[in-house]
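Novice: Pasting in a structure now, in structure tokens, and then I'll have a few things to ask.
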Amino acid sequence: MKVGILGTGDVGKAIAKGLLALGHEVMIGARSATSEKAAAVAKELGAGASTGSFADAARFGEAVVLATLGSVNDQVIAATGAANLAGKLVLDTTNPLDFSKGFPPSLIVPAEGSGGQQIQALAPEAKVVKVFNTVGNALMFRPELPGGAPSMFLCGNDEGAKAAAAKLVTDFGWEPVDVGTLAAAHWLEAMCMVWVGVAARTGRWDRAFKLVGR
Ligand SMILES: NC(=O)c1ccc[n+]([C@@H]2O[C@H](COP(=O)([O-])OP(=O)(O)OC[C@H]3O[C@@H](n4cnc5c(N)ncnc54)[C@H](OP(=O)(O)O)[C@@H]3O)[C@@H](O)[C@H]2O)c1
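Numbering follows my numbering, with no gaps: position 176 of the sequence shown is 188.
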């Protein structure tokens, strides 16, 4: 499958690496089609990775990964073009964090909304699935932790898109856990703060959530 990766940061790179290992093709998208950062990422990734603008990467992808700064969704979708996401699975890994007062950041979501819902509103025909936002990039692909596959919480409004995301999550070495419609992104984005808070207190960034039960 061809996957457009919007984002040249650690998350875009980690997910691209995983996709390439699974035999997919990726295009790394940045604000500029001639981004040096994107070129460096693609060079590191090797064969199967190309670069372009956010719009180029979205057009390239049968599915699209959104791995951009979570406080600028409006700018990212404007640059990407909502039409280039129409009908496609959009894996939204973003967290709307505010780092302006330092670390740990605060979460900037409306009381009953989320970044995921904002993205869905900006690209109404996209099939947005919130996923990969509750763990650090270092563990995203094949985490191989003691205790078996950790839980990857995901949510979205389109059942088919969620099933496709769940398959990918399984291929990445996680147990997918469907939390419901995209309204649940509010809670998944808050969950990121739990993960960050624990990591900040303990210095342990190598942990992931696991849902247990009978
Ligand atoms: N880091 C983690 O381990 C982790 C884990 C889970 C979720 N997340 C979330 O995943 C997302 C990506 O995180 P990251 O650490 O990989 O990268 P990041 O530094 O949060 O974002 C990098 C990307 O955002 C784009 N960007 C920055 N400012 C922009 C603007 N004003 N308008 C449009 N695009 C802009 C950059 O474009 P250019 O390439 O053009 O510079 C770049 O591609 C974030 O929302 C983060 O909260 C991160």
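Note that beta-carbon positions come from the ideal geometry of N, C-alpha and C, so glycine has one too. Note that the structure is a prediction, hence the values are computed from the model and not measured.
Start and end of the alpha helix (DSSP H) containing Glu5?
Specialist: Residue 5 is absent from the structure shown; the chain starts at 13 and stops at 226.
Novice: Cβ of Gly160 versus every heavy atom of ligand 1: is any distance shorter than 8 angstroms?
Specialist: no
Novice: Can you tell me the Cα-Cα spacing of Gln87 and Ile120, whole angstroms?
Specialist: Taking the Cα positions, Gln87 is about 16 angstroms away from Ile120.
Novice: What's the C-alpha gap between Val53 and Thr214?
Specialist: 30 angstroms
Novice: CA-CA distance, Ala42 and Thr80?
Specialist: 9 angstroms
Novice: With distances taken from CA atoms, which of Gly82, Lys29, Leu223 is nearest Gly159?
Specialist: Leu223
Novice: In the DSSP assignment, find the unbroken beta strand (DSSP E) run with Ala61 in it and report its ends.
Specialist: 61–65
Novice: Is it the case that the region 111–130 contacts the region 60–75, given that we only count it when at least three CB pairs across the two stretches are under 8 angstroms?
Specialist: Too few Cβ pairs lie closer than 8 angstroms, so no.
Novice: Counting pairs of Cβ atoms below 8 angstroms between the region 125–133 and the region 186–201, do you hit three or more?
Specialist: Three or more beta-carbon pairs separated by less than 8 angstroms link the region 125–133 to the region 186–201, which places the two stretches in contact.
Novice: DSSP three-state label for Lys222, please.
Specialist: coil
Novice: Considering Cα atoms alone, identify which of Ala69, Gly24, Arg71 is closest to Glu56.
Specialist: Closest by alpha carbon: Gly24.
Novice: Short check: CB of Arg219 to CB of Ala211, under 9 angstroms?
Specialist: Inclusion of Arg219 and Ala211 in the CB contact set at 9 angstroms is warranted, their separation being smaller than that value.
Novice: To the nearest angstrom, report how far apart Ser118 and Ala67 are at their CA atoms.
Specialist: 29 angstroms
Novice: Compute the beta-carbon to beta-carbon distance between Phe153 and Gly185, rounded to the nearest angstrom, for a pair I have assumed lies under 8 angstroms.
Specialist: 7 angstroms
Novice: Within a Cβ cutoff of 7 angstroms, which residues of the same chain sit near Ala173, ignoring the five residues on either side of it in sequence?
Specialist: Same-chain partners within the cutoff: Leu101, Lys139, Val141.
Novice: Would Glu156 be called buried (16 or more neighbouring beta carbons within 10 Å of its own) or exposed?
Specialist: exposed
Novice: Hey, quick one: how far does the alpha helix (DSSP H) through Ala95 stretch, first residue to last?
Specialist: Per DSSP, Ala95 belongs to no alpha helix (DSSP H) and is neither H nor E.
Novice: Which value, in whole angstroms, describes the spacing of the CA atoms of Gly168 and Asn107?
Specialist: 15 angstroms
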